[in-house]
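In my numbering, the protein residues as written are -18 to 275.
Okay, here's the thing in structure tokens:
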């Protein structure tokens, strides 16, 4: 008789392998390596003292004992998922992962509007420029990301396409008499995927020949702060600079406004467990509404 139950993780790995009849397919679904799946199954067989699978060349077949365990495991995990879904669907606390720049310059200043509409929903923002594994990290309920949205993924929703402009203080624009003397600030993103979409070529086409080489900062917040200090012109997202423009702190050059088109966008990613979460659906709807006029 077993002294203790096997871990839930080993049962989850076994259930996926039994259902898909393949270590490779189970590994893909669980986002781990086939070697890790094989090791987990071997450990479970060792712990139980029985053979669960007959290994084939490209697929595995359940033994009689494996068939019995698979039936119970599938029912157990299905009922567990359903119960967890019901418990979290009405949760009043939503923890959102997003970038430092989007959190500080766009989302946080507008959160009070959402709280006025939905006072019973508690929004918690955790800003980090490193991507979190939204499906496996249970400390996050959704993510707002920046980049190329994979719209084939049913859990990804594009919120708004981004465009870029040139922004500086009115005093800086008034004192600028010669474009080659313009000091430009741009973002050198740490995310390798974003680095493919710099705007140097676009700038060369829109501005006169001989425009200065930009100074680079690690994130958009630093770029905007440099412009707010009157040091030069920020080449920055028109979405992130909205607050500074609305307050009259920054603006475009009235005589020569430019708009740099971009393939980048802000988009949301939901974990599978929260597809039916009412609070998150309300937040997504509010978020998209904010960009109707952008």
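Glycine residues also receive a C-beta, built at the ideal position from the N, C-alpha and C atoms.
Just mark residue i as buried or exposed, buried being the case when its beta carbon has 16 or more other beta carbons within 10 Å.
{"i": "residue 43", "result": "buried"}
{"i": "residue 22", "result": "buried"}
{"i": "residue 240", "result": "exposed"}
{"i": "residue 235", "result": "exposed"}
{"i": "residue 25", "result": "buried"}
{"i": "residue 112", "result": "exposed"}
If you draw a straight line from the alpha carbon of residue i to that of residue j, how long is it in whole angstroms?
{"i": "residue 220", "j": "residue 247", "result": "10 angstroms"}
{"i": "residue 125", "j": "residue 158", "result": "40 angstroms"}
{"i": "residue 164", "j": "residue 102", "result": "44 angstroms"}
{"i": "residue 254", "j": "residue 64", "result": "11 angstroms"}
{"i": "residue 84", "j": "residue 228", "result": "18 angstroms"}
{"i": "residue 279", "j": "residue 149", "result": "In the structure as shown, the chain begins at -18 and stops at 275. Residue 279 is therefore absent and cannot be evaluated."}
{"i": "residue 208", "j": "residue -2", "result": "55 angstroms"}
{"i": "residue 82", "j": "residue 222", "result": "10 angstroms"}
{"i": "residue 49", "j": "residue 94", "result": "53 angstroms"}
{"i": "residue 62", "j": "residue 205", "result": "44 angstroms"}
{"i": "residue 88", "j": "residue 269", "result": "12 angstroms"}
{"i": "residue 132", "j": "residue 100", "result": "31 angstroms"}
{"i": "residue 20", "j": "residue 262", "result": "39 angstroms"}
{"i": "residue -15", "j": "residue 27", "result": "14 angstroms"}
{"i": "residue 114", "j": "residue 16", "result": "20 angstroms"}
{"i": "residue 118", "j": "residue 134", "result": "19 angstroms"}
Would you call the CB atoms of residue i and residue j closer than 9 angstroms?
{"i": "residue 214", "j": "residue 153", "result": "yes"}
{"i": "residue 140", "j": "residue 272", "result": "yes"}
{"i": "residue -13", "j": "residue 136", "result": "no"}
{"i": "residue 18", "j": "residue 11", "result": "yes"}
{"i": "residue -5", "j": "residue 59", "result": "no"}
{"i": "residue 264", "j": "residue 123", "result": "yes"}
{"i": "residue 201", "j": "residue 218", "result": "yes"}
{"i": "residue 107", "j": "residue 138", "result": "no"}
{"i": "residue 267", "j": "residue 98", "result": "yes"}
Does the distance between the C-beta of residue i and the nearest non-hydrogen atom of the ligand PLP fall short of 8 angstroms?
{"i": "residue 255", "result": "The model depicted lacks the ligand PLP and carries no ligand whatsoever."}
Leaving aside the five residues before and after residue i along the sequence, list all residues of the same chain whose C-beta is less than 8 angstroms from its C-beta, in chain order.
{"i": "residue 14", "result": "8"}
{"i": "residue 3", "result": "39, 40 and 41"}
{"i": "residue 1", "result": "7 and 10"}
{"i": "residue 96", "result": "102 and 104"}
With a threshold of 6 angstroms on Cβ separation, who are the neighbours of residue i within its own chain once the five nearest residues in sequence on each side are excluded?
{"i": "residue 167", "result": "195, 197 and 216"}
{"i": "residue 90", "result": "224"}
Against chain D, does residue i count as a neighbour if the rule is that its beta carbon must be under 9 angstroms from one of theirs?
{"i": "residue 244", "result": "The structure shown contains no chain D; it is built from a single protein chain."}
Closest to residue i by C-alpha separation, out of the options, would be which residue?
{"i": "residue 249", "options": "260, 106, 79 and 89", "result": "79"}
{"i": "residue 109", "options": "100, 116, 121 and 98", "result": "121"}
{"i": "residue 116", "options": "200, 156, 268 and 256", "result": "256"}
{"i": "residue -8", "options": "6, -16, 16 and 51", "result": "51"}
{"i": "residue 193", "options": "151, 170 and 162", "result": "162"}
{"i": "residue 170", "options": "203, 226 and 151", "result": "203"}
{"i": "residue 226", "options": "270, 155, 56 and 151", "result": "151"}
{"i": "residue -11", "options": "57, 270 and 92", "result": "57"}
{"i": "residue 5", "options": "36, 27 and 133", "result": "36"}
Which same chain residues, not among the five before or five after residue i, have their C-beta less than 7 angstroms away from its C-beta?
{"i": "residue 74", "result": "103 and 105"}
{"i": "residue 31", "result": "46"}
{"i": "residue 233", "result": "146, 147 and 148"}
{"i": "residue 278", "result": "Nothing in the structure corresponds to residue 278, since the chain is present only between -18 and 275."}
{"i": "residue 92", "result": "104"}
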